[in-house]
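Remarks on the structure that follows.
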Amino acid sequence: MKIEFNENELKQVEEIKKRYPTTQAALMPVLYMIQEKYGWISKETMQFAAQLLDITEEHVLGVVTFYTMYNSKPVGKYHLQVCTNVSCMIRGAYDLMKSIEQELGIRKGETTSDQKFTITEVECLGSCGTAPMIQVNDDYYENLTIESTRTLLSNLKNN
Amino acid sequence: MTEKILLKDIPNYRDIEVYKQHGGYQIFKKALQRKPEEIIDEVKKSGLRGRGGACFPTGMKWGFMPKGGEKPNYLCINGDESEPGSFKDRQIFEFNPHQLIEGILISAYAINSPTCYIYIRGEYGKWIKLMQKALDDAYSQGFVGEEMKKTFKCDFFTNIYIHKGAGAYICGEESALMNSIEGKRGYPRVKPPFPPQYGLWGCPTTVNNVETISNIPAIVDKGGEWFASIGEPKHPGTLLFGISGHVNNPGVYELPTGTLLSDIIYKYAGGVPGDKKIKSVIPGGSSVPPLRSEQIDGLKMDAESLKAAGSSIGTGGIIVMDEDSDMVRVLTRITHFYHHESCGQCTPCREGTGWMLKVLHRIEEGNGTSHDLDLLIDVANNIEGHTICALGDAAAWPVKYTIERFRDEFESRVSKSLQLPVINKVHSMRETSAPLAEVNVG
C-alpha cells in the first residue's frame, strides 16, 4: 500500500506547522492524522512522517512507542479501552472486564478474529466520578453496569 | 455558601453568546487598561495558588517571567489531568471554556506571551472538540489572535492553540509537557534551569493548570482582596473537588478551601453506600498519602491542613474507600499505575516501581513474607528524592504511607516467615535482625 497524503491533508499539515516554530513539533498531530487514515502506525507510515517533517525515523519511532494512544499494531473496528484504576476498580471495573472478555471470547490485549473488537486495559481516563467506564474509540461510556455494557456490546456487534 | 467562580449555575454558559451576556470578554478589556505588572500584583494579592497539585503561588510564578527579552514568552495551560481520582478540568472544558480562554488572554497579557498552548490529554476527545469549538467561536468574534487588536483597540494579541496529548501521565509534569509540545517523548527535564529561564524551545515559559487560569478573570474583575477573603487565608479561593469511589453521589463540587472533608463526603457526595464505615480516603489524587478513617474528623480541605494531617491537597481528587476495601489490592493497583507511567529516564523510578509491583503481587497472592513490607519501604525510600521529576515521589508515597497506616492489614496478608541462608539486611519493624556486618556467612 502506498502511504501518502492527499492535497487537503497536506494543506492541513501546513496549517499545523504554522502553530509551532519548528516542524518537529507538528509530529504528534501528524501521527494522529496518520492513525486516523490508516488505523495504526506502521513502520512505513513512520518513514512517511519522518520525510514529511524532515526529522529522523528514529525520532518518530521514539515518539510513537512512548505514547500509549498511538497504536503500533492494528486494532479492531471498536477499540474497547477499559479503565481499571482505583476509582473504577472499587466500583467493579474488573468484573466489567471479565464480562466483556466472556462476551467477546477474547482476553484483554487481543482482537476478535473478525477484526471488530480489541480489548485494552488502560490507566485512569479521568472519569472517576462516573466509574466504571470504558472508552470505545473516541467516545466515553460511563456509569456502566454489566447489564448496560452487554447492551452496548450487542449494539456495536450489530453495527 | 460562597458564590461559585468556576462552575456557575447558568444554563448554557459554555455558549459564547451566553458568556457574553454575563459580561464575558469585558474583564479582559478592563485588564488592558492596567499595566501587566499591576495584573501580576493583583494576582499576588489574591493569594491564588496553583490547582495542579503543587500549590505554588501563581502571581509569584508569573513574576519570574522576563520582561521584554529577545525571545518570545510562552504560556502553557496544563489540561493533561491523568492522576487517578482527578476529573475536574474536564468540567471546565465542558461547562465553562470561555472563562478559561478569557483567563488565558489576561494571563498572556500579564506575562507578555504572544502564543499559548492548551495541552489536553488525548483521551479527552470529546472535551478537546468542545474546547476547540469555544476557541473557534472566540477566534471568529475577534477575541483571540491578531483580530484582538481591532476588537479591543490595543497593541497586544495572542494566539491560542490546543495541543493534544497521546496517553502519557508524565506529560502532566511541566517540563515533560513542554517536550511533548515540541514533538518529543515526554521526558521531564532536569531543573534548573526552570521554565521561566528555559522553557519551550529554550524560551521563557509559564505552565499553569486549567483551573488556576479559570480563576483569573474573577480575580481581575473583583480584586485580589475579594478572592483572598474566600476560604482559608493561606490557600484562598474555591476548589473543584472531584469525589469518587464509595460514595452515593460522586462528582465535582466547587467549594471554598477549608471545607470539611466529612462535609464533602456526607453532605455533598451523599455518604457511603449501604451506610458502611469508611476505611480510607485518598484526599488529592492517587499520589498523595491515604488517610485512615479516624483522621477524617474535623479535617479541613486546604493545603496547610492536609499537610498537617500527613497528606496533601494534590488535585483535590478525593477517593473514598469503605470498610470492605482491600488496601493491598488498592496499593497494588496504584503501584501498577506508576510503574506503567514511569517515563524510564531515571533508574530508581524505572526499576523501583516494577520491583515494588512485583513484591506487592507476591503479597496479594499470599506468597509474601514479613520482610517484604520492609523491602517495599526500603525500595520506596530509594526512589523518593532520587529522580529528575516528582513521579518518583508520587510512586513512593502511596507505598510508604499505605503500609505505615494500614500495616496490620498488610501484616495479615504476609503469610510466610522468611527462610534465608543469611539474615536479610533489611530491618523488620516486628522482628529483630542482626546488622549485616555481624552475620557470619562463612
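Chains as they are written, first to last, in this note's numbering: chain G, 1 to 159; chain V, 1001 to 1442. The beta carbon of each residue, even a glycine, is placed where N, CA and C say it ideally should be.
Please identify, using Cβ separations under 8 Å, the residues of the region 82-110 of chain G that lie next to chain V, in order along the chain. Only those residues of the region 82-110 of chain G whose C-beta falls short of 8 Å from the nearest C-beta of chain V are listed: T84, N85, V86, S87, M89, I90 and R91.
DSSP three-state label for Y1019(V), please. The residue given as residue 1019(V) occupies position 19 in the second sequence. Residue state, collapsed to three classes: helix.
Span of the beta strand (DSSP E) around D1322(V): As a first step, residue 1322(V) must be located in the second sequence, where it is residue number 322. According to the DSSP assignment, D1322(V) belongs to the beta strand (DSSP E) that extends over G1317 to D1322.
Can you tell me whether E101(G) is helix, strand or coil according to DSSP? The sequence position of residue 101(G) within the first sequence is 101, counting from 1. In the structure shown, E101(G) sits in a helix (DSSP, three-state: H, G or I).
Step through the CB atoms of chain V and report whether any lies within less than 8 Å of the CB of P29(G). For the purposes of this step, residue 29(G) is identified with residue 29 of the first sequence, where counting begins at 1. True, the Cβ-Cβ gap to chain V drops below 8 Å.
Return the chain-ordered list of same chain residues with a C-beta closer than 8 Å to the C-beta of P74(G), the five sequence neighbours on each side being excluded. Here residue 74(G) is taken as the residue at index 74 of the first sequence, counted from 1. Apart from sequence neighbours up to five positions away, the residues of its chain that approach P74(G) with a beta-carbon distance below 8 Å are G39, W40, T111 and Q115, ordered along the chain.
Use the C-beta contact count for G1165(V): other C-beta atoms within 10 angstroms, 16 or more gives buried, fewer gives exposed. Taking the second sequence and counting its residues from 1, one reaches residue 1165(V) at position 165. Label assigned to G1165(V): buried.
Candidates K1071(V), P1084(V) and N1012(V): which alpha carbon is nearest V1320(V)'s? Here residue 1320(V) corresponds to residue number 320 of the second sequence, with the count starting at 1. Closest option to V1320(V), Cα to Cα, is P1084(V).
Rounded separation between G1316(V) and E44(G) - CA only: For the purposes of this step, residue 1316(V) is identified with residue 316 of the second sequence, where counting begins at 1. For the purposes of this step, residue 44(G) is identified with residue 44 of the first sequence, where counting begins at 1. Across the structure, G1316(V) and E44(G) are spaced so that their CA atoms are roughly 44 Å apart.
Anyone know if the C-beta pair for G1231(V) and D1326(V) falls short of 8 Å? Numbered from its first residue, the second sequence carries residue 1231(V) at position 231. Numbered from its first residue, the second sequence carries residue 1326(V) at position 326. In this structure, D1326(V) does not lie closer than 8 Å to G1231(V) by Cβ.
Selected residue, minimal CA-CA separation from I1162(V), among K1129(V), K1150(V) and N1179(V): Sequence index remark: in the second sequence, residue 1162(V) carries index 162 (1-based). Of the candidates K1129(V), K1150(V) and N1179(V), the residue whose Cα lies closest to the Cα of I1162(V) is K1129(V).
First and last residue of the uninterrupted alpha helix (DSSP H) at Q12(G): Along the first sequence, one-based indexing puts residue 12(G) at 12. Here the alpha helix (DSSP H) through Q12(G) covers E7 to K17.
Less than 8 Å between the C-beta atoms of P1290(V) and L1306(V), yes or no? Here residue 1290(V) refers to the residue found at position 290 when the second sequence is read from its first residue. Here residue 1306(V) refers to the residue found at position 306 when the second sequence is read from its first residue. No.
Beta bridge counterpart(s) of K1164(V) as assigned by DSSP: Taking the second sequence and counting its residues from 1, one reaches residue 1164(V) at position 164. Beta bridge pairing from DSSP links K1164(V) with I1120(V).
Cross-chain neighbours of G129(G) in chain V, by beta carbon under 8 Å: By 1-based counting over the first sequence, the position of residue 129(G) is 129. The answer, in chain order, is F1087, G1242, I1243, S1244, P1250, G1251 and V1252.
Identify whether G1052(V) lies in helix, strand or coil by the three-state DSSP scheme. As a first step, residue 1052(V) must be located in the second sequence, where it is residue number 52. In the structure shown, G1052(V) sits in coil (DSSP, three-state: anything other than H, G, I, E or B).
Counting only the same chain and skipping the five closest in sequence on each side, list residues whose C-beta sits under 7 Å from that of Q1197(V). Counting from one through the second sequence, the residue named residue 1197(V) turns up at place 197. So the list reads P1204, once near-sequence residues are dropped.
Excluding the 5 residues flanking G1251(V) on each side, which residues of the same chain have their C-beta closer than 6 Å to its C-beta? Taking the second sequence and counting its residues from 1, the one referred to as residue 1251(V) is at position 251. Counting only Cβ-Cβ distances below 6 Å, and skipping sequence neighbours, we find nothing.
Is there a Cβ of chain V sitting closer than 8 Å to that of R202(G), yes or no? Within the shown structure, residues of chain G are numbered from 1 to 159, placing residue 202(G) beyond reach of any answer.
Is the Cβ of R982(V) closer than 8 Å to any Cβ of chain G? In the structure as shown, chain V begins at 1001 and stops at 1442. Residue 982(V) is therefore absent and cannot be evaluated.
To which residues of the same chain is E142(G) closer than 7 Å at the C-beta, ignoring the five residues directly before and after it? On the first sequence, residue 142(G) is found 142 positions in, with the first residue counted as 1. These residues qualify, in order along the chain: S127, T130 and M133.
Would you kindly work out how many angstroms separate the C-alpha atoms of R1014(V) and A1134(V), rounded to a whole number? As a position in the second sequence, residue 1014(V) is number 14, starting the count at 1. As a position in the second sequence, residue 1134(V) is number 134, starting the count at 1. Spanning the alpha carbons of R1014(V) and A1134(V) requires a straight line of approximately 8 Å.
Rounded C-alpha distance that separates N1248(V) from Q135(G): Position 248 of the second sequence, counting from 1, holds the residue named residue 1248(V). Position 135 of the first sequence, counting from 1, holds the residue named residue 135(G). When rounded, the distance between both Cα atoms is 23 Å.
Expressed to the nearest angstrom, what Euclidean distance is found between the alpha-carbon atoms of L156(G) and N137(G)? As a first step, residue 156(G) is located in the first sequence; it is residue number 156 there, counting from the start. As a first step, residue 137(G) is located in the first sequence; it is residue number 137 there, counting from the start. So the alpha carbons of these two residues sit roughly 12 Å apart.
Does the Cβ-Cβ distance between E1211(V) and L1006(V) come in under 8 Å? Along the second sequence, read from residue 1 onward, the residue named residue 1211(V) stands at position 211. Along the second sequence, read from residue 1 onward, the residue named residue 1006(V) stands at position 6. With contacts defined by Cβ atoms closer than 8 Å, E1211(V) and L1006(V) form a contacting pair.
Chain-ordered neighbours of K1234(V) on chain G, where CB pairs are closer than 8 Å: In the second sequence, residue 1234(V) corresponds to position 234, counting from 1. Under the 8 Å cutoff, chain G gives no residues; its nearest Cβ is about 27 Å from K1234(V).
Give a yes or no on whether 8 Å exceeds the smallest Cβ distance from E1003(V) to chain G. On the second sequence, position 3 is the one that residue 1003(V) refers to. Taking 8 Å as the threshold, the shortest C-beta distance from E1003(V) to chain G does not fall below it.
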